[in-house]
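Protein chains in written order, with the working numbering: chain A, 2 to 208; chain B, 2 to 208. For each residue, glycine too, the CB sits at the ideal point set by N, CA and C. Keep in mind the model is a prediction, meaning the values are calculated, not measured.
There are 2 protein chains.
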Amino acid sequence: MSNERSFAYTPRVTRRQEILQTAGDLFQRNGYHATSMREIARNVQLQGSSLYAHIQSKEELLRNIVDEAAETFLAAARQVDGSLPPPERLRGLVRAHLGVIRDRLPHATVFFHEWAHLPPDLQRELIERRDAYQAIFRGTVEDGARDGSFVVEDAPLATLFVLSSLNWTYQWLDPYGRLSLDALAERYASLLLGALGADPTDGRGRP
Amino acid sequence: MSNERSFAYTPRVTRRQEILQTAGDLFQRNGYHATSMREIARNVQLQGSSLYAHIQSKEELLRNIVDEAAETFLAAARQVDGSLPPPERLRGLVRAHLGVIRDRLPHATVFFHEWAHLPPDLQRELIERRDAYQAIFRGTVEDGARDGSFVVEDAPLATLFVLSSLNWTYQWLDPYGRLSLDALAERYASLLLGALGADPTDGRGRP
DNA sequence: CCTACCGATCGGTAGG
DNA sequence: CCTACCGATCGGTAGG
Chain A
2 MSNERSFAYT
12 PRVTRRQEIL
22 QTAGDLFQRN
32 GYHATSMREI
42 ARNVQLQGSS
52 LYAHIQSKEE
62 LLRNIVDEAA
72 ETFLAAARQV
82 DGSLPPPERL
92 RGLVRAHLGV
102 IRDRLPHATV
112 FFHEWAHLPP
122 DLQRELIERR
132 DAYQAIFRGT
142 VEDGARDGSF
152 VVEDAPLATL
162 FVLSSLNWTY
172 QWLDPYGRLS
182 LDALAERYAS
192 LLLGALGADP
202 TDGRGRP
Chain B
2 MSNERSFAYT
12 PRVTRRQEIL
22 QTAGDLFQRN
32 GYHATSMREI
42 ARNVQLQGSS
52 LYAHIQSKEE
62 LLRNIVDEAA
72 ETFLAAARQV
82 DGSLPPPERL
92 RGLVRAHLGV
102 IRDRLPHATV
112 FFHEWAHLPP
122 DLQRELIERR
132 DAYQAIFRGT
142 VEDGARDGSF
152 VVEDAPLATL
162 FVLSSLNWTY
172 QWLDPYGRLS
182 LDALAERYAS
192 LLLGALGADP
202 TDGRGRP
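Below is the structure:
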């Protein structure tokens, strides 16, 4: 009859996002391999098998999370005006990076911790984007060395140094901490500009 | 009779070390939860169950590795003479930290990535040692701020900055890289001293 | 150090 | 979205 129940289930659009966010939180807290699909399902009030109406596999969850994080970092850095003087540009990059950490802490953490558990072809793609990200920083350091706003004897190492100090911040940055994002970014950038030998009397550097 | 085979097996002393080192390598490469006991066993030419003649559990492996790494970091920092002037002391701490990374890369990586998978009481103990480690750095930064060898407006943040730049180095430090440990540590310390506003004309700072 | 084995749990599928 | 279920694999034990 016309009132027969259809078994072709059409998932809501938002449900997938809910699953991805929950997976991100659990992967952040317990790690990818230590998180079971049933655990994710429980947290979104589903049976384990029902997840597969919304996603294809556990790996797809990780891929989505890591991919979005990589894209967010890269997009934020690309927002920074590349024609700014190197010190201002670095301030912008620091602010961008810390902003992503603050706003996307679970995804960023999963990105840093679990990307190596993806298959080799996806890893290669991620490494490419990481290199593109690093190139933005390296270009800034090198431009500053060239125009004299920075004093660096080893630009590749200085770039690694800058990125190291930023990358680790996901370990301690508290989105609800004592400092506003702007204040934190300003101080962090000031420390980095000091490391790069920028003139402390120039602009907002230390007096 | 007197020649009966005894089934009480007495493990060799070195075998345990071999298992621990292999586990460290595999945990580093694939992560703790993604590494199976049978995989470890295969790499030391044993049956999976035979591992338990040498160790008590998989968790004990992780505990040993993480514990040794934490102890190595702390011991290295404590080797640095606390009566040195703050800039020299920081140079020593940088050199100590990078030395541990270089010499104990697998264990250090597992420490940073997997310590959160240990039970809460062990986590607390590790956090205590991490705090002790950080306190050595904070003391150095504060001493330098007090005696004028550093210029820092926010000592807690500056300490986090120093530790962040060091902690991330396990991601890229190549024990067989282009720079010797001494050269690398010298340059890295020089960057950090610049961040802390140390007088560049003082000692081995930038001219 | 091995053989044999166990209960639990895993990611995922069939079918409706 | 659920019920029922599968093969594979997990960490670990018994017993010698």
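Asked: Taking Cβ positions only, does His118 of chain A come closer than 8 Å to chain B?; Found: yes
Asked: Check distances from the C-beta atoms of the region 15-45 of chain B to those of chain A and list, in chain order, the residues that come in under 7 Å.; Found: Gly32, His34, Ala35
Asked: Can you tell me which of the three DSSP states His118 of chain A falls into?; Found: helix
Asked: Quick one: Cα of Met38 of chain A to Cα of Gly25 of chain B, how far?; Found: 27 Å
Asked: Any chance you could list the alpha helix (DSSP H) runs of at least 4 consecutive residues sitting entirely within the region 170-196 of chain A, in chain order?; Found: 182-196
Asked: Starting from Leu158 of chain B, find everything on chain A with Cβ-Cβ shorter than 9 Å and list it in chain order.; Found: Leu180, Leu185, Arg188, Tyr189, Leu192
Asked: In chain order, which continuous runs of the beta strand (DSSP E) of length 3 or greater are located wholly inside the region 22-57 of chain B?; Found: none
Asked: Can we say the region 62-76 of chain B touches the region 164-178 of chain B, given the rule of at least three CB pairs closer than 8 Å?; Found: no
Asked: Helix or strand or just coil, what does DSSP make of Gly206 of chain B?; Found: Any reading at Gly206 of chain B is ruled out, since the residue's pLDDT is 43, under 50, leaving its predicted position unreliable.
Asked: Taking Cβ-Cβ distances below 9 Å as the criterion, which residues of the region 130-156 of chain B are in contact with chain A?; Found: Val152, Val153, Glu154, Asp155
Asked: Identify, in the order they occur along the chain, each residue of the same chain with its Cβ nearer than 7 Å to the Cβ of Leu123 of chain A, setting aside the five sequence neighbours on each side.; Found: Arg64
Asked: Please decide whether Thr110 of chain B counts as near chain A, where near means a Cβ-Cβ distance under 8 Å.; Found: no
Asked: Would a check of beta-carbon distances place His114 of chain B closer than 8 Å to chain A?; Found: yes
Asked: Using the Cα positions of Val152 of chain A and Leu119 of chain A, report the straight-line distance between them to the nearest angstrom.; Found: 39 Å
Asked: Under 7 Å between beta-carbons, which chain B residues line up against Phe162 of chain A? List them in chain order, please.; Found: Ser166, Tyr189, Leu192
Asked: Taking the alpha helix (DSSP H) that Gly93 of chain B falls in, what are its first and last residues?; Found: 87-104
Asked: Under 8 Å, do Gly83 of chain B and Arg90 of chain B count as touching if we go by C-beta distance?; Found: yes
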